[in-house]
Amino acid sequence: MSAAGLFVQSYSHDPEGVFSAPGRVNLIGEHTDYTGGLVLPFAIDARAWMAAARNDDSVVRVVSAQRPGAVKTVALEDIYPDSPAVRSWAGYLFGAIWALRQAGHQVSGFDLALDSQVPTGAGLSSSAAVECVTALVVSNLSGITLAPLEIARLSQQAENDFVGVPCGPMDQTASAASRAGSVLLFDSRAGTVENIPFNPSADDLAVLVIDTKVTHSLADGEYARRRASCERATTVLGIRTLRDLSLDELPAALDKLDDDVLRRRVRHVVTENDRVVQTVELLRAGRISAIGDLMVASHRSLQHDYEVSCPELDQAVDSALSAGAVGARMTGGGFGGSVIALIPTELVETVMSGVNADFAMRGFTTAVPRIVAPADGARRDE
Ligand code: GLA
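Here you go:
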C-alpha cells in the first residue's frame, strides 16, 4: 500500500504531504568517508516514501507498510537514545526527529506513515533513506528549511548517536543531495558536494547491482575496527585525516608505520581517494567504460588491503568480469551486501546467469540482480 493510502487508513484523514528519499549505491570511493576522503555514490530509484501530518498531541505516531501492525505511539519527550519507548525498527525514524530537536528545532507531534521500497540488508542504505525522509518531512512541515547537507548531517547523527551505528557521512549525503542523471562527488573533508553527469545508457552500458543476499551488519565491530585503524594511523603520522596524505607521500608514510595491517589499511584509503579523482576525470572526459579498471582495482584493494570483502562478493566480481562486465566491485560497507557492475547493455543477462551459475556451483544462495540508474535525492512528492 502507498504511504498516502496507509496514512488515510491508519489516521482517517488526509496527510499534509508525501515525501521520499532514496537508497544509494557507491560507484567508487569505499571506506574513505570517515577519514576525510572522496566518495562517488548516487541515489537509486528505490525510495522510502513517507506521508505525514502534524498533530497537537505532542506524540509521534508511526505505521509502516513493511511492518503490518498497530500504529506505534511515542511521546515527544520519550524520544532519546536508549529510551525504552523506542526500541524497534522505528529507531531510524525516531532518531531523525531526536536529531532535529537536539539541533534546537521546534518540532510538534507528527503522524507518519512509511512505505520503504529500498531493500534491507543489501547494502543499499535503506536506513539512510528512512532517516533522510523523516528529517525532511518533519523539518519541511514544521516550516524549517534545511539544506540537503544539513538533512544529511542530522540523519547521520541519528544513525550514530541514536541507533548506535558508527557510519560515516556518505549514505545520508547521497540520499539527501543526489540528482537524477549524475553521481555525487562528496568531499568529506571539505563538506562539499558536486553532481557529475553520469549517463551510462548513452554509451550502451548498464549499472547492475548484484545483491549477494549475504547480510552484513555494520554494528558487528569490524567497521568500527577499520575506523579505529584509520584513527591510529593518523595519530602516528601526525595528520588530521588520511585524506591529508597524497599518493606521492604514501611510501614515506608507510615506512613510518610498523604494523603491516595498518600499512595495508592506509594504502587502501590513499589509493582509493586517488581512484575517485581518476574516475571523475574520466567521467568528465566522457570515457565511462574506462572507469572499469579503477572499479576492479578498488575491489582488489578492499579485498586484500582493507579486508572487508567476503567469498560471495569476490565471486560475484570475478564472475561478472569473466562474463563481460567492464568493471565490478563491492559497494558499501562490505562483509556481504551488493556488488556494483558496469556492463554492456546486451550482456546484462549473460552476466547475471554467469554469476548465478558460479554461485550455484559454490553452494551460495542465488544472487538478486537490479538495474539501477541515478535518481533524485530526498524531495517532496505531493
Ligand atoms: C557504510 C557506511 C558509510 C561508508 C561505507 C563504506 O555504507 O554507512 O558511511 O563508510 O560503509 O564506504
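If you read the sequence shown in the working numbering, its first letter stands for residue 4, the second for the next number, and so on.
Built from N, CA and C at the ideal position, the CB exists for glycine as well.
This structure is a prediction, so every number in the text was calculated from the model and none was measured.
Taking only three categories from DSSP, how would you classify S143? One detail in the question is off: residue 143 reads as Asn in this sequence, not Ser. If DSSP states are grouped into helix, strand and coil, N143 belongs with the helices.
Would you mind reading off the limits of the beta strand (DSSP E) that contains W92? Taken as a continuous stretch (DSSP letters only), W92 belongs to no beta strand (DSSP E), as it is neither H nor E.
Compute the Euclidean distance between the alpha carbons of P203 and S322, then round it to the nearest angstrom. Within the model, the alpha-carbon separation for P203 versus S322 is close to 21 angstroms.
Flag this pair as yes or no: are the beta carbons of N143 and F22 separated by less than 8 angstroms? For N143 and F22, yes; Cβs fall inside 8 angstroms.
Euclidean distance between Cα positions of V183 and L286: It should be pointed out that residue 183 corresponds to Ala in this sequence rather than to Val. The alpha-carbon atoms of A183 and L286 are separated by roughly 16 angstroms.
DSSP puts T76 in a beta bridge; with which residues? Answer by DSSP bridge pairing, in chain order: R64.
Output the residues surrounding the ligand GLA, defined as those with a CB atom closer than 5 angstroms to any ligand heavy atom, in chain order. The set of residues whose C-beta lies within less than 5 angstroms of a heavy atom of the ligand GLA reads, in chain order, E33, H34, D36, C170, G171, M173, D174, G335, G336.
With a Cβ-Cβ cutoff of 8 angstroms, do G20 and E275 count as a contact? In this structure, E275 does not lie closer than 8 angstroms to G20 by Cβ.
Touch check for the region 52 to 68 and the region 354 to 364: three-plus C-beta pairs under 8 angstroms? Result no; under three Cβ-Cβ pairs closer than 8 angstroms.
Helix, strand or coil for D251 per DSSP? D251: coil per DSSP, three-state reduction.
Measure the C-alpha to C-alpha separation of G366 and P122 and round it to an integer number of angstroms. The straight-line gap from Cα to Cα measures roughly 23 angstroms.
Determine the DSSP secondary structure at G26, reduced to helix, strand or coil. Per DSSP, reduced to three states, the secondary structure at G26 is strand.
Given 7 angstroms as the limit, tell me if R57 has its C-beta closer than that to any heavy atom belonging to the ligand NAP. Judged by which ligands are present, the ligand NAP is missing from the structure shown, whose ligands are the ligand GLA.
Host beta strand (DSSP E) of D48 (start-end): Note, D48: beta strand (DSSP E), 44 to 58.
Euclidean distance between Cα positions of H108 and I147: Straight-line Cα distance between these residues: approximately 8 angstroms.
Sequence-distant residues of its chain with Cβ nearer than 6 angstroms to I346 (five each side left out): Excluding residues within five positions, the ones whose Cβ falls inside 6 angstroms are A209, L211, A328, V354.
In chain order, each alpha helix (DSSP H) run of at least 4 residues that lies wholly inside the region 310 to 355: Complete alpha helix (DSSP H) runs here, min 4: 314 to 325.
Using a Cβ-Cβ cut-off of 8 angstroms (strictly less than) and excluding sequence neighbours within five positions of V239, which residues of its own chain qualify? For V239, the CB contacts under 8 angstroms within the same chain, skipping 5 residues up- and downstream, are K259, L260, L265 in chain order.
Does DSSP put N198 in a helix, a strand or coil? DSSP, reduced to helix, strand and coil, places N198 within a strand of the structure shown.
Once DSSP output is grouped into helix, strand and coil, what is the label at R182? Here R182 sits in coil by DSSP.
Can you find at least 3 beta carbon pairs, one from the region 308 to 316 and one from the region 289 to 297, that sit closer than 8 angstroms? The answer is no - the region 289 to 297 does not touch the region 308 to 316, with fewer than three Cβ pairs under 8 angstroms.
Nearest-angstrom Cα distance between A132 and A376? Distance between the alpha carbons of A132 and A376: 16 angstroms.
Give me, in chain order, the residues of the same chain whose beta-carbon lies closer than 7 angstroms to that of R278; leave out the 5 immediate sequence neighbours on both sides. Around R278: I31, L297, A300, S301.
What alpha helix (DSSP H) runs, 4 residues minimum, are completely inside the region 100 to 161? If we require 4 residues or more, the alpha helix (DSSP H) runs fully inside the region 100 to 161 come out as 129 to 144, 151 to 160.
Label E352 either buried or exposed according to how many other C-beta atoms from any shown protein chain fall within 10 Å of its C-beta, with 16 as the threshold for buried. With fewer than 16 other CB atoms across the displayed protein chains lying within 10 angstroms of its CB, E352 is exposed.
Using the C-alpha atoms, what's the distance from I47 back to R246? Whole-angstrom Cα-Cα distance: 27 angstroms.
Can you grab the Cα-Cα spacing for the pair V217 / G124, in whole Å? Just so you know, the alpha carbons of V217 and G124 end up roughly 8 angstroms apart.
Where does the unbroken alpha helix (DSSP H) through R230 begin, and where does it stop? In the DSSP assignment, R230 falls within the unbroken alpha helix (DSSP H) covering 225 to 240.
Measure the CB-CB distance between A102 and L152 and report whether it falls below 8 angstroms. No.
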